[in-house]
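One structure below.
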Amino acid sequence: MCAFGKDWLALGYDGQLSVWALQFILPDSLKIFSGVAIITKLFNKPFTQQEAIPDAGVAAAIEVLRSGRLHRYNTADGEASETELLEKEYAAYQGRRYCLAVTSGGQALQIALRAAGVLPGDKVLANAYTLAPVPGALHAVGAVPQFVEISDDWCVDLADLERQASTGEAGYLLLSHMRGRIADMDAIAQICKRHDIVIIEDCAHTMGARWNGVLSGNTGVLACFSTQTYKHLNSGEGGLLCSNDPRMMAQAILLSGSYMLYERHGAAPAAQYFAQLKWTSPNCSARMDNLRAAILRAQLPCLDANIRRWNERYRVLLNVLRGRPGIRVIERDRRENFVGSSFQFHTVGMDASAIQAFIGACEQRGVELKWFGRETPHGFTSRFDSWRYLAHIPELPQTRKVLATTVDFRVPLTFSVDDCRLCAEIIAEQAAVYFVE
Ligand SMILES: Cc1ncc(COP(=O)(O)O)c(C=O)c1O
Numbered sequence: 057m058c059a060f061g062k063d064w065l066a067l068g069y070d071g072q073l074s075v076w077a078l079q080f081i082l083p084d085s086l087k088i089f090s091g092v093a094i095i096t097k098l099f100n101k102p103f104t105q106q107e108a109i110p111d112a113g114v115a116a117a118i119e120v121l122r123s124g125r126l127h128r129y130n131t132a133d134g135e136a137s138e139t140e141l142l143e144k145e146y147a148a149y150q151g152r153r154y155c156l157a158v159t160s161g162g163q164a165l166q167i168a169l170r171a172a173g174v175l176p177g178d179k180v181l182a183n184a185y186t187l188a189p190v191p192g193a194l195h196a197v198g199a200v201p202q203f204v205e206i207s208d209d210w211c212v213d214l215a216d217l218e219r220q221a222s223t224g225e226a227g228y229l230l231l232s233h234m235r236g237r238i239a240d241m242d243a244i245a246q247i248c249k250r251h252d253i254v255i256i257e258d259c260a261h262t263m264g265a266r267w268n269g270v271l272s273g274n275t276g277v278l279a280c281f282s283t284q285t286y287k288h289l290n291s292g293e294g295g296l297l298c299s300n301d302p303r304m305m306a307q308a309i310l311l312s313g314s315y316m317l318y319e320r321h322g323a324a325p326a327a328q329y330f331a332q333l334k335w336t337s338p339n340c341s342a343r344m345d346n347l348r349a350a351i352l353r354a355q356l357p358c359l360d361a362n363i364r365r366w367n368e369r370y371r372v373l374l375n376v377l378r379g380r381p382g383i384r385v386i387e388r389d390r391r392e393n394f395v396g397s398s399f400q401f402h403t404v405g406m407d408a409s410a411i412q413a414f415i416g417a418c419e420q421r422g423v424e425l426k427w428f429g430r431e432t433p434h435g436f437t438s439r440f441d442s443w444r445y446l447a448h449i450p451e452l453p454q455t456r457k458v459l460a461t462t463v464d465f466r467v468p469l470t471f472s473v474d475d476c477r478l479c480a481e482i483i484a485e486q487a488a489v490y491f492v493e
């Protein structure tokens, strides 16, 4: 396998026919080799293109801009702000009593950790497969992360969780449902109950998903969501925090920077819960504004329909990639009603350099993959051992092994079902090239 400048591409044209060729790419993607003309598959849509904000959201945003009242507490007499209304509507969607809209998912995590009572120096269990804002939030509040191994299915390893929980050192679990993979929440709830551990859920990738009928986020005492561009609702940046606990939520609202205007929140606890806390809670200035809230409110009614669209695409990817040489997919648990907004698989029969070459070849054909086995942080991917600002980075051989073969990609809804089929076919073809039995 080699590359001869960017006009040349090495391709295994068809795994079944076992035809290997170095092919010259003509502009119209007609490939010629040994007199045989082959039309190869190329993909040409951007993996970062989200759908447009619905017209209702654009109209609502223009309304906010025309009003000039963008700050959540800047309202006309008797007016409920967009942010306040979003909190009310998202709390209803989530089936939680309280909801707070903030500036980002990362801020929701920091506020949730503080509101749950995490103090500097406190140990917090966290699954080791997550994204950089999670260790960042732990670091920001001075917590000491205790990373827990993950299993082959990318979920937290229950045996390691039990082992670490049983030492009694950590009073909290910050559980990331990374890439939408939901672990056995019933088992996690039992482990944490047994060891008196408070669960905070990071649902950045599971908004609208369920475990055993329970909406993701409703097992823990606090749930954090992100509305950053690549998530299930898109306001560019943004976050939501939900809970049924009135004291924690009062604390969270004060921390978000409510300037004692907490009665102007859409889904807040009664005033009595703020009476004492308002003297002791710092203002961390993480309020959402009305512009983002207006955009989000218009998207919320479309969320469940969009989840069905994501899952239709996910099923196509799964069906094409299942059982293909060089690829191992992980089937989902029947109890998991996931949101297929991203797709993960393990490579098989490829060493690190073959994986790198496989990803490069897919990229040349327009399919962008992320590899969590990379030694250096890259783009949105980083590994637990990349977060060197943390005081202690543990050895996690199992997680390292799982991530060494973990490949992932996002599925934007601007991709049609046929686009997903084409991407999967390209991935499968290239995997067959690099797979060694
Ligand atoms: C797993 C996970 N948790 C938390 C966050 C934080 O979200 P935000 O980007 O809104 O701060 C992200 C963002 O990408 C994420 O992927």
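Counting in my numbering, the sequence shown runs from 57 upward without gaps.
For every residue, glycine included, the Cβ atom is placed at its ideal position computed from N, Cα and C.
Just so we're clear, the structure is a prediction, and the values are computed from it rather than from any experiment.
- With contacts defined by Cβ atoms closer than 7 Å, G396 and N367 form a contacting pair.
- Nearest to Q202 by alpha-carbon distance, out of L194, V180, T223, is V180.
- In its chain, beyond the 5 residues on either side, V385 have a beta carbon closer than 7 Å to the beta carbon of R378.
- According to the DSSP assignment, Y370 belongs to no beta strand (DSSP E) but to the alpha helix (DSSP H) extending over 359-377.
- Take M234, set aside five residues on each side of it, and the residues of its chain with a beta-carbon closer than 6 Å to its own are Y185, T186, in chain order.
- Exclusion of the five residues before and after E419 leaves L425 as the residues of its chain whose Cβ lies within less than 8 Å of its Cβ.
- By the neighbour-count criterion, in which 16 or more other beta carbons inside 10 Å mark a residue as buried, P338 falls on the exposed side.
- Placement of the Cβ of S123 at a distance of 6 Å or more from every heavy atom of ligand 1 is found.
- Within the stretch 134-162, the complete beta strand (DSSP E) segments at least 3 residues long are 154-158, listed from N- to C-terminus.
- When rounded, the separation of the alpha-carbon atoms in L230 and C248 is 11 Å.
- Boundaries of the alpha helix (DSSP H) harbouring S409: 408-420, taken from the DSSP string.
- Bounds of the alpha helix (DSSP H) holding I482 are 473-490.
- Ranked by how close their Cα comes to the Cα of C358, the residues K101, E145, G269 have E145 in first place.
- Per DSSP, K334 is one residue of the alpha helix (DSSP H) stretching across 333-336.
- In the three-state DSSP reduction, F330 falls in the helix class (H, G or I).
- Annotation: the continuous beta strand (DSSP E) that includes C280 extends over 278-282.
- For I309, same chain residues with a beta-carbon under 7 Å away, outside a window of 5 residues either side, are L156, Y318, H321, A324 in chain order.
- Burial state of R122 is exposed, judged by a 10 Å Cβ sphere holding fewer than 16 other Cβ atoms.
- Counting along the chain, no alpha helix (DSSP H) covers V200; the unbroken beta strand (DSSP E) around it starts and ends at 200-204.
- By the CB criterion at 7 Å, A193 and L175 fall outside the cutoff.
- The beta carbons of G313 and C280 sit about 17 Å from each other, so the pair does not count as a contact at 8 Å.
- Its chain contains G295, A342 as the residues whose beta carbon lies nearer than 6 Å to that of Q163, once the 5 sequence neighbours on both sides are disregarded; these appear in chain order.
- Counting C-beta atoms within 10 angstroms of its own C-beta, T336 has fewer than 16 neighbours from the protein chains shown and is therefore classed as exposed.
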